[in-house]
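For the sequence shown, this note's numbering begins at 62 and goes up steadily by one.
Data block below; observations after.
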Amino acid sequence: MKKPIALFLLTVMLTIGAGTSSASAFNIFQIFRQLPSIIQVIQLSNLSDQDEIKIGTQINKQIVNQVNISDNEPLTQYIDTLGQDLAKHGSRPDLDYTFQVVEDDSVNAFATMGGFVYVHTGLIEEAENEAELASVIGHEIGHITGRHAIKQMRQQGINQIALEAIGVADEQIVQIGVALALDLPHSRKDEITADTSGLNMIKAAGYAPDGMISFMKKLGSGGGPEFMSTHPHSTSRVENLENQVNNETRTQGKGLDNSSYKKQINNLM
């Protein structure tokens, strides 16, 4: 029974890999050739918070080996403090969130299941103020609270994830999660859901809603091609956000002091 499961997963992964690069497909093939004879199957449709965190932790181990995680402790602490404050206003405040800074000039941020959020230094610098930065982090938390990575896996036809029962090499298996976090675009529905969640979080945390709208407009006009490649549909998303915000109150709240933010970031970086 176990061999057909492994072969099914291999077929699915090769299909997905072909859409990215031959190197990725080869790596995935190698991963599944190394599947142990004894595996434990976790049903994605019934994934518990504990299992989600377990898989997310393994995905994070792979990601930190593929990107340049910053060792700038003051900057990381700043991002973590901001993120933790937002997360407590989300729909899953009990998750143990981890916020990390990636040393990369591209304007990007991403998240994976289990509470892991990654923010590029390029995005931190691109933001004009803290409200804009908070809006992106809130958006990424929204993907986690919406369990969008799990949904993506199901939509790709992966109804099962095989993990090694012993737990030694299972981090190799979750490279599918790494690929989803780094490369696969989110659906329009998931983007709008994450936007709404992020908007509610920044408002609850006291930030001006205009921060999210202004940054989304900037990205849509070409300010962040890397971010938009995995977070598409900018025009409809801006319209959706504007429909949720009262024009008379959109600038009410903290985080719109551009000069103060830029001074703080320059000191941290």
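Every residue, glycine too, gets a C-beta built ideally from N, C-alpha and C.
Please read all numbers here as calculations on a predicted model, not as lab measurements.
- prompt: Counting along the chain, where does the alpha helix (DSSP H) carrying Ala172 start and finish?
  reply: Taking the sequence shown and counting its residues from 1, one reaches residue 172 at position 111. Per DSSP, Ala172 belongs to no alpha helix (DSSP H); it is in the beta strand (DSSP E), 170-173.
- prompt: Can Leu136 and Ala266 be called in contact, C-beta distance under 9 Å?
  reply: Here residue 136 refers to the residue found at position 75 when the sequence shown is read from its first residue. Here residue 266 refers to the residue found at position 205 when the sequence shown is read from its first residue. Taking 9 Å as the Cβ cut-off, Leu136 and Ala266 do not qualify as a contacting pair.
query: If we ignore side chains and look at the alpha-carbon of each, how far apart do Leu260 and Asp166 end up?
result: Position 199 of the sequence shown, counting from 1, holds the residue named residue 260. Position 105 of the sequence shown, counting from 1, holds the residue named residue 166. Whole-angstrom Cα-Cα distance: 25 Å.
- prompt: Just checking, does the stretch 304-315 make contact with the stretch 177-184 on the three C-beta pairs under 8 Å criterion?
  reply: With the cut-off at 8 Å, the stretch 304-315 and the stretch 177-184 do not touch.
- prompt: Span of the alpha helix (DSSP H) holding Val125?
  reply: Reading the sequence shown from its first residue, position 64 is the one you call residue 125. Counting along the chain, the alpha helix (DSSP H) containing Val125 begins and ends at 110-127.
message: For Pro154, count the other beta carbons within 10 Å of its own beta carbon; 16 or more makes it buried, fewer makes it exposed. Which is it?
response: One-based indexing of the sequence shown puts residue 154 at position 93. If you draw a 10 Å sphere on the C-beta of Pro154, you find fewer than 16 other C-beta atoms in it, and that means exposed.
message: Helix, strand or coil, according to DSSP, for Tyr268 in the structure here?
response: Here residue 268 refers to the residue found at position 207 when the sequence shown is read from its first residue. Assignment of Tyr268 by DSSP, reduced to helix, strand and coil, places it in the strand class.
query: Is Thr312 helix, strand or coil by DSSP?
result: Position 251 of the sequence shown, counted from the first residue, corresponds to residue 312. Thr312 falls in the coil class under three-state DSSP.
- prompt: CB-CB under 7 Å to Glu193, same chain, minus the five flanking residues each way: which ones, in chain order?
  reply: On the sequence shown, residue 193 is found 132 positions in, with the first residue counted as 1. Result list for Glu193: Gly272, Ser275, Phe276, in chain order.
task: Enumerate in chain order the residues of its own chain whose CB-to-CB distance from Met330 is below 8 Å, with the five nearest sequence positions on each side excluded.
output: Taking the first residue of the sequence shown as position 1, residue 330 is located at position 269. The residues are Asn133, Leu136, Thr182, Ile185, Glu186.
query: Of all the options Glu164, Ala188, Asp157, which has the alpha carbon lying nearest to the alpha carbon of Met174?
result: Residue mapping note: residue 174 aligns to position 113 of the sequence shown, counting from 1. Nearest of Glu164, Ala188, Asp157 to Met174, Cα basis: Asp157.
- prompt: Secondary structure at His209, three-state DSSP: helix, strand or coil?
  reply: Reading the sequence shown from its first residue, position 148 is the one you call residue 209. Correct three-state label for His209: helix.
query: Ordered along the chain, which non-local residues of its own chain (more than five positions away) have a Cβ less than 7 Å from that of Glu191?
result: In the sequence shown, the residue the question calls residue 191 occupies position 130. Answer for Glu191: Gly316, Tyr322, listed in chain order.
- prompt: Based on the DSSP secondary-structure assignment, which residues constitute the bridge partners of His181?
  reply: Position 120 of the sequence shown, counted from the first residue, corresponds to residue 181. In the DSSP assignment, His181 is bridged to Val163.
- prompt: Gly144: which of Ile198, Asn319, Arg249 sits nearest, CA to CA?
  reply: As a first step, residue 144 is located in the sequence shown; it is residue number 83 there, counting from the start. Of the candidates Ile198, Asn319, Arg249, the one whose C-alpha sits nearest the C-alpha of Gly144 is Ile198.
field: Where the alpha helix (DSSP H) through Asp318 begins and ends
entry: Locating residue 318 in the sequence shown gives position 257, counting from the first residue. For Asp318, no alpha helix (DSSP H) encloses it, and the DSSP letter there is neither H nor E.
field: Buried versus exposed, by CB contacts within 10 Å (16 or more), Thr310
entry: As a working mapping, residue 310 is identified with position 249 in the sequence shown. It counts as exposed.
Top-ranked residue by Cα proximity to Thr254, from Lys279, Ser152, Tyr179: The residue you call residue 254 lines up with position 193 of the sequence shown. Ranking the options by Cα distance to Thr254, first place goes to Ser152.
- prompt: In angstroms, rounded to a whole number, what distance separates the CA positions of Asn319 and Leu108?
  reply: The count along the sequence shown starts at 1 and reaches residue 319 at position 258. The count along the sequence shown starts at 1 and reaches residue 108 at position 47. Going from the Cα of Asn319 to the Cα of Leu108 covers about 42 Å.
task: Have a look at the DSSP bridge pairing and note the partners of Ile253.
output: Counted from its first residue, the sequence shown places residue 253 at position 192. Listed as beta-bridge partners of Ile253 by DSSP are no residues whatsoever.
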